[in-house]
Structures are given as C-alpha cells and as structure tokens.
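Enquirer:
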Amino acid sequence: MQWKGSLLLLLAAFIWGTTFVAQMTGMEGLGPFTYASSRFLLGTLFLAGLWYATRQKRAARKAAGKYQPGWRVGIGAGCIMFLASSLQQVAMVYTTAGKTAFITALYIVLVPIAAHFLLHQCVQFWNWLGALLAVIGLYLLSIHGAVVLNIGDVIVFVSALFWTAHILYIGHFAGSSDVIELSLMQIVVVALGSVLAMLLWETPQLAAIGAAWFSIFYGGVLSAGVAFTLQIIGQQYTPPATASLLMSFEGVFGVLGSCIILGEVMSPAQVLGCVLMFSGIIVTQLGALLQEYRQRAARES
2 MQWKGSLLLL LAAFIWGTTF VAQMTGMEGL GPFTYASSRF LLGTLFLAGL
52 WYATRQKRAA RKAAGKYQPG WRVGIGAGCI MFLASSLQQV AMVYTTAGKT
102 AFITALYIVL VPIAAHFLLH QCVQFWNWLG ALLAVIGLYL LSIHGAVVLN
152 IGDVIVFVSA LFWTAHILYI GHFAGSSDVI ELSLMQIVVV ALGSVLAMLL
202 WETPQLAAIG AAWFSIFYGG VLSAGVAFTL QIIGQQYTPP ATASLLMSFE
252 GVFGVLGSCI ILGEVMSPAQ VLGCVLMFSG IIVTQLGALL QEYRQRAARE
302 S
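Going by our numbering, the first residue of the sequence shown is number 2, and it counts up by one from there.
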C-alpha cells in the first residue's frame, strides 16, 4: 500500500508544482492574500460539494462503527497551514523565489529529524541518503549565484518549521479521521485567515480577481481542494520521512512547468538537480521495498 500512497503524494506534488506557474500569472494584478483568499474560498466550495456527495459512504461508515470525524483535527491542521503559508508569502517580499523554494523544502531533512526525536520513529539509512540527495538537488535547482542570508530567509526557515509540523500532524491523524472533513475544515481555516489578512493589508478589486479567474480556479480546486486531500490520503500509507521527500517534488514540477508553459530554460545545474532529486526518491522507495521483503521473509521463516 505504500506505493499507492507514494503515487498519490507525487500527484499532489505535481499539482502544487504546476500551481506555482498559475500563481506567477494570477498574482500579476493581485496581492498575495487576495489571491490566497480567492483560491481557498473556491477550494472550500469544492470540498463542501465533495463532502455532500460522499454523505452516503459516511453514513455507511457510521452504521458500521468505523467513522471518525475530522472537523477538530482539521482546525489544527488549518492553523498550522495558515501560519506556514502566510510566513512564506511575507518572506518573499524580502528574498528571492529560488531561496524561498530551497529553504522551504528543507522539511525534507527536518521531518525525519523531528519524527526521530519527537515521535520516536525509526528513520532508516536510505531515508537519510534520499533526503541528502534531494537537498543537494534542490540547491542546484533553486539557488543561482551568491547566497547571502537576510531577514526573509529567516522567515522562510520558520515557515519550513511549520510545514514540517503540518506533515507530522497529518501523518499522525490522517489514518484516524474522515479525510474529506479534515481537508475541508483545514481549507476553511486557511480561507478565513487569508480573508482577514486581505482586509487588513490589501484592497481587493473584483475586476482584478475576475481577470485571474483561471489561476484562481487552478489554485483553488486542484491545489487547495484536490492536492491537499491527496496528501491526507497518501500519508495514511506513507511514513513522514518518505512523504516529505515525495512532496518536495513540487519544486521539480514547478521548474518543469515554468519551462514548458512560460518558456523558461533550465540550466545544466538545474537538470543535474532534478536528476539528484529523482535519485533520492528512487533510493528511498527501493529501501522501503527491501525492508518490506525482509519483513515478509522473516514472517514466512
């Protein structure tokens, strides 16, 4: 089942990565919180419809005694996600998109460290090796020229800590909560927080929102609605350390999407970065298969 979870998380990463292209075009006339409010409100409507459409399955689980509500867990996930995404948006005022992507994706390393020390989960050698390859790959993929740290980089790192907490939080509760309810409540909390921030710091214009309708639709329905739901489902079958590596591929898909859609050109260093990241995921997945084989052999002997 881990392969099923891995594929779902890779699909989520693909959607998030291509959403970066949608954000680049959609935010040309919108403030960051106006765009976030629009997409997460649309995501709320989509997930509310999905929640209503799955009511019969939910009723059957209730009758069988297998239903666990996701509302309360979703509130916690939404609070963490709002802090992580908001800090990331603010940081981009002071630092570059490349450094933001790289520092944010340090959760590849932070998640297994936190899982080891806080949750007492055993992190295997291939998880560390895969994370190391991915971090080097992300550096080549994201950083260009001299690296000088500033206040924006510090804010991004704090954001990465919250993304780490979000992955661990979802990994802990995903298997014991209703997936749709968890995802819906999470997006509702982020939408409300984004609306409040928009009203405090920005002046939304309906004409500008209408002009960015496709980018908002893509970011709201596919990213906020579908991808975060896939994350919750995928993490039911995938350990946090592996999940963080798979989700970090949004950086690879973002660069590839920029090349294909926006006509940007990848440098040789970026190509090598993609190769190293794919190598990291292959190492991790092969290690998981080897462990599964050893466990099966031990049970049969």
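Quick reminder that beta carbons are idealized off the backbone N, C-alpha and C, glycines included.
Going by DSSP in three states, D179 sits in which element: helix, strand or coil?
Expert: Here the question's residue 179 lines up with position 178 in the sequence shown. In the structure shown, D179 sits in coil (DSSP, three-state: anything other than H, G, I, E or B).
Enquirer: With distances taken between CB atoms, is the gap from Q187 to G79 smaller than 8 Å?
Expert: As a working note, residue 187 is residue 186 in the sequence shown. As a working note, residue 79 is residue 78 in the sequence shown. Yes, these two residues count as a Cβ contact at 8 Å.
Enquirer: Roughly how many whole angstroms lie between the Cα atoms of Q90 and R62?
Expert: For the purposes of this step, residue 90 is taken as residue 89 along the sequence shown, with counting starting at 1. For the purposes of this step, residue 62 is taken as residue 61 along the sequence shown, with counting starting at 1. Using only the alpha carbons, I get a separation of about 39 Å.
Enquirer: Thinking M278 and F250 are a contact (beta carbons under 8 Å), I'd like their distance in whole angstroms, please.
Expert: Within the sequence shown, the letter at position 277 stands for residue 278. Within the sequence shown, the letter at position 249 stands for residue 250. With a Cβ gap of about 7 Å, M278 and F250 count as contacting.
Enquirer: Please go through the segment 28-80 and give each complete alpha helix (DSSP H) segment of 4 or more residues, from N-terminal end onward.
Expert: 33-54 and 56-64
Enquirer: So what does DSSP say about H121, is it helix, strand or coil?
Expert: Within the sequence shown, the letter at position 120 stands for residue 121. It is coil, neither helix nor strand.
Enquirer: Once you ignore the five residues that flank V124 on each side, which residues in its own chain have a CB closer than 7 Å to its CB?
Expert: As a first step, residue 124 must be located in the sequence shown, where it is residue number 123. The residues are P113, A116, H117 and A242.
Enquirer: Output the residue ranges of the alpha helix (DSSP H) runs that lie fully inside the segment 130-211 and measure 4 residues or longer, sorted by chain position.
Expert: 152-174 and 180-202
Enquirer: Just how far apart, CA to CA, sit A92 and G281?
Expert: Taking the sequence shown and counting its residues from 1, the one referred to as residue 92 is at position 91. Taking the sequence shown and counting its residues from 1, the one referred to as residue 281 is at position 280. Going by the C-alpha atoms only, they are around 28 Å apart.
Enquirer: Alpha helix (DSSP H) containing P241: first to last residue?
Expert: Walking along the sequence shown from the start, residue 241 turns up at place 240. Per DSSP, P241 belongs to the alpha helix (DSSP H) from P241 to M248.
Enquirer: Could you check whether the Cβ of P240 sits closer than 8 Å to any Cβ belonging to chain B?
Expert: This model lacks chain B altogether; it includes just one protein chain.
Enquirer: Measure the beta-carbon distance from Y219 to A23 and round it to whole angstroms, keeping in mind my assumption that it falls under 8 Å.
Expert: Within the sequence shown, residue 219 is the residue found at index 218, counting from 1. Within the sequence shown, residue 23 is the residue found at index 22, counting from 1. That pair is a contact at about 4 Å.
Enquirer: Using 8 Å as the Cβ pair cut-off and three pairs as the minimum, do the segment 151-160 and the segment 39-56 touch?
Expert: Contact fails: fewer than three Cβ-Cβ distances are below 8 Å.
Enquirer: How many whole angstroms separate the CB atoms of Y68 and R56, which I take to be in contact at a CB cut-off of 8 Å?
Expert: Within the sequence shown, numbered from 1, the residue matching residue 68 stands at position 67. Within the sequence shown, numbered from 1, the residue matching residue 56 stands at position 55. Contact doesn't hold; Cβ gap of about 12 Å is too wide.
Enquirer: Looking at L185: is its Cβ nearer than 8 Å to the Cβ of G75?
Expert: Position 184 of the sequence shown, counting from 1, holds the residue named residue 185. Position 74 of the sequence shown, counting from 1, holds the residue named residue 75. Yes, the pair counts as a contact, with Cβ atoms nearer than the cut-off.
Enquirer: With 16 as the cutoff for other CB atoms within 10 Å, does P240 come out buried or exposed?
Expert: Indexing the sequence shown from 1 puts residue 240 at position 239. Answer is buried; the Cβ neighbour count reaches 16.
Enquirer: Given that a residue counts as buried once 16 or more other Cβ atoms are within 10 Å of its Cβ, and exposed if not, what is R297?
Expert: On the sequence shown, residue 297 is found 296 positions in, with the first residue counted as 1. Exposed, since its Cβ has fewer than 16 Cβ neighbours within 10 Å.
Enquirer: Under 6 Å Cβ to Cβ from L42, same chain only, skipping five residues before and after it: list those, please.
Expert: Translated into the one-based positions of the sequence shown, residue 42 becomes position 41. These residues qualify, in order along the chain: A192.
Enquirer: For L88 and W4, what's the separation of their Cα atoms in angstroms?
Expert: Here residue 88 is taken as the residue at index 87 of the sequence shown, counted from 1. Here residue 4 is taken as the residue at index 3 of the sequence shown, counted from 1. Distance between the alpha carbons of L88 and W4: 32 Å.
Enquirer: On a Cα-Cα basis, can you pick out the residue from T45, L10, L141 and G27 that is closest to S268?
Expert: For the purposes of this step, residue 268 is identified with residue 267 of the sequence shown, where counting begins at 1. The shortest C-alpha separation from S268 is found at L141.
Enquirer: Give the C-beta separation of Q48 and I181 to the nearest angstrom, bearing in mind that I take them to be a contact with Cβ-Cβ under 8 Å.
Expert: For this step, residue 48 is matched to residue 47 along the sequence shown. For this step, residue 181 is matched to residue 180 along the sequence shown. The sequence shown places Leu at residue 48, not Gln. With 8 Å as the limit, L48 and I181 qualify as a contact, their Cβ atoms being about 7 Å apart.
Enquirer: Among L197, A85, A244 and A209, whose alpha-carbon lies nearest the alpha-carbon of G172?
Expert: Here residue 172 corresponds to residue number 171 of the sequence shown, with the count starting at 1. G172 has its Cα closest to that of A244, out of L197, A85, A244 and A209.
Enquirer: Would you kindly report the start and end of the unbroken alpha helix (DSSP H) that includes E231?
Expert: Position 230 of the sequence shown holds residue 231. Strictly speaking, residue 231 in this sequence is Leu, with Glu absent from that position. F229 to G235 is the extent of the alpha helix (DSSP H) around L231.
Enquirer: With DSSP run on the structure shown, which of helix, strand or coil describes Y238?
Expert: Numbered from 1 along the sequence shown, position 237 holds the residue referred to as residue 238. In this structure, DSSP gives Y238 a state outside helix and strand, which the three-state scheme calls coil.
Enquirer: DSSP on Y95, reduced to helix/strand/coil?
Expert: Residue numbering aside, residue 95 sits at position 94 when the sequence shown is read from its first letter. The answer is coil: DSSP assigns Y95 none of H, G, I, E or B.
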